[in-house]
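**Student:** Before we start, here is the structure in question, set down as structure tokens.
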Amino acid sequence: MRQAQHETTAETTPINASRQALKCMLWARSWVLWAVAGGVPRSSIIGSAQAADIPTADFMFAQVSDSQIGFHAPANPDVKQTFQHAVRQVAALNRCTAMLIHSGDVSYLGKDEELDTAQRILHGAGMDAHVIPSEHDMLLNHGQGFYRRFSPKDAEPLGAYTFDDHGAHLIALNNVSDFRPAGR
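1187 is the number of the first residue of the sequence shown in this note's numbering; add one for each residue after it.
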């Protein structure tokens, strides 16, 4: 039986794979608009013609991810400007968007100045923002800076919480704060 050959090049290392994903995200402007109308969910890329065609729905929210404020490399030389652009696109949606959800890695290293910058940019959306932590946000002080800025006051000790919006019950889960060996 022939075993699969795995090519290892500079382009296939985990770090470079992440960089390639960032490049794709920048190219695609992959910020997502979610809509639920009559119980049927739909999604599209914010800024696309498809997003413009989604009619106002019973419940709509925008999702962004991996802003990684503080990152400095050729894959995304100005993450602050990129994130500001995403938030401006969300704010410009001329429909009833209930909220913005940032699904992790709001910062690159979890530093206070990165988290402060992200918080200011998110505030510019002019709508409620819910930020779910990811591993980059937890790198310093077990994520305490993240929790101070982004977790509701009544959140569980590790940042999980639920909330209701426009008749929908949402759950913000945190799967990065209590890692044990082998990811258990």
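Even glycine gets a Cβ: it sits at the ideal position worked out from N, Cα and C.
Going by DSSP, what residue range makes up the beta strand (DSSP E) through Leu1325?
**Tutor:** Within the sequence shown, the letter at position 139 stands for residue 1325. First-last for Leu1325: undefined, no H or E at that position.
**Student:** Are Ala1277 and Gly1310 close, meaning C-beta to C-beta below 8 Å?
**Tutor:** Translated into positions along the sequence shown, residue 1277 becomes position 91. Translated into positions along the sequence shown, residue 1310 becomes position 124. It is a contact, given that the beta carbons lie within the stated cut-off.
**Student:** Around the Cβ of His1322, are there at least 16 other Cβ atoms within 10 angstroms (buried) or fewer (exposed)?
**Tutor:** Position 136 of the sequence shown, counted from the first residue, corresponds to residue 1322. Classification of His1322: buried, given that the 10 Å Cβ count is 16 or more.
**Student:** Sorted by chain position, which residues of the same chain lie with C-beta nearer than 8 Å to Met1324's C-beta, five sequence neighbours on each side aside?
**Tutor:** Mapped onto the sequence shown, residue 1324 falls at position 138. These residues qualify, in order along the chain: Gly1296, Phe1332, Val1362 and Ser1363.
**Student:** Kindly indicate which residue of Asp1350, Phe1349 and Leu1308 has the alpha-carbon position closest to the one of His1288.
**Tutor:** Along the sequence shown, read from residue 1 onward, the residue named residue 1288 stands at position 102. Taking only the C-alpha atoms, the option nearest His1288 is Leu1308.
**Student:** Exposed or buried, which one is Thr1348 when buried takes at least 16 other CB atoms within 10 Å?
**Tutor:** Stepping through the sequence shown from its first residue, residue 1348 is reached at position 162. Counting Cβ neighbours within 10 Å, Thr1348 comes out exposed, since fewer than 16 surround it.
**Student:** Three or more C-beta pairs under 8 Å: does that hold for the region 1217 to 1225 against the region 1243 to 1257?
**Tutor:** yes
**Student:** Near Arg1335, which residues of its chain fall below 6 Å by C-beta distance, leaving aside the five closest residues on each side in sequence?
**Tutor:** As a first step, residue 1335 is located in the sequence shown; it is residue number 149 there, counting from the start. Taken in chain order, the residues that qualify are Leu1301 and Gln1305.
**Student:** Could you pull the start and end residues of the alpha helix (DSSP H) that Tyr1333 belongs to?
**Tutor:** By 1-based counting over the sequence shown, the position of residue 1333 is 147. Looking at the DSSP string, the run of the alpha helix (DSSP H) that includes Tyr1333 is Gln1330 to Phe1336.
**Student:** Would you kindly check if the distance between the Cβ of Ser1293 and the Cβ of Ile1318 is under 8 Å?
**Tutor:** Counted from its first residue, the sequence shown places residue 1318 at position 132. Counted from its first residue, the sequence shown places residue 1293 at position 107. Not closer than 8 Å, so no.
**Student:** What are the start and end residues of the alpha helix (DSSP H) that includes Asp1314?
**Tutor:** On the sequence shown, residue 1314 is found 128 positions in, with the first residue counted as 1. Element bounds for Asp1314: not the alpha helix (DSSP H) but the beta strand (DSSP E), Asp1314 to Val1317.
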